[in-house]
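One structure is given below, encoded as structure tokens.
Numbering (the UniProt record's numbering), first residue to last: 1 to 157.
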């Protein structure tokens, strides 16, 4: 025999699962953003160092140093383009904001007393808030992607 699940339980489960997912996405994008920024910084420092010592090294090693410098220059360009296209920092911020709002909705649900947990008006209002939040989050993601697509297409013209 199957037990009937209440609207409250369904809503609470959906909000909790989405809060967990957005938290994971936020952390993932934070890590990616940090790695990209650190990699660009390290690569830039190495380029500066290699250019600075370029004339002070033995003649037979200069070609190798030039190749290494060129490699790090290319790497910096690729990483900067990657960051410009995916914009992990902004995704990290957007997902973090969404997570925080979802936690607020979770708290509202936890604070409902027994009669409120069965009140369709209250649950519908919280569900609408949940749907509006998801729509807003998806719109931010879409806007970020559209901006990146426009920037990419303008730079290729």
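Beta carbons are placed, not taken as given, at the ideal position from N, Cα and C, and that holds for glycine.
Between the Cα of residue i and those of the options, spot the shortest distance and give me the residue it belongs to.
| i | options | result |
| --- | --- | --- |
| residue 103 | 5, 12, 6 | 12 |
| residue 16 | 54, 101, 44 | 101 |
| residue 30 | 88, 128, 54 | 88 |
| residue 129 | 4, 14, 6 | 14 |
Between residue i and the rest of its own chain, which residues show a CB-CB distance below 6 Å, the 5 nearest in sequence each way excluded?
| i | result |
| --- | --- |
| residue 83 | 36 |
Look at the alpha carbon of residue i and the alpha carbon of residue j, and state the distance between them as a whole number of angstroms.
| i | j | result |
| --- | --- | --- |
| residue 123 | residue 81 | 45 Å |
| residue 90 | residue 21 | 17 Å |
| residue 73 | residue 32 | 20 Å |
| residue 59 | residue 42 | 26 Å |
| residue 93 | residue 141 | 11 Å |
| residue 28 | residue 34 | 10 Å |
| residue 121 | residue 136 | 22 Å |
| residue 4 | residue 146 | 43 Å |
| residue 63 | residue 55 | 11 Å |
| residue 127 | residue 110 | 14 Å |
When the distance is taken between beta carbons, is residue j closer than 8 Å to residue i?
| i | j | result |
| --- | --- | --- |
| residue 19 | residue 106 | yes |
| residue 98 | residue 133 | yes |
| residue 47 | residue 77 | no |
| residue 25 | residue 95 | yes |
| residue 125 | residue 8 | no |
| residue 79 | residue 39 | yes |
| residue 57 | residue 65 | yes |
Starting from the C-beta of residue i, find all residues in its chain whose C-beta is less than 7 Å away, skip the five residues before and the five after it, and write them out in chain order.
| i | result |
| --- | --- |
| residue 68 | 50 |
| residue 115 | none |
| residue 23 | 99 |
| residue 108 | 126 |
For residue i, which residues in the same chain have their Cβ closer than 8 Å to its Cβ, ignoring the five residues on either side in sequence?
| i | result |
| --- | --- |
| residue 113 | none |
| residue 6 | 117, 118 |
| residue 138 | none |
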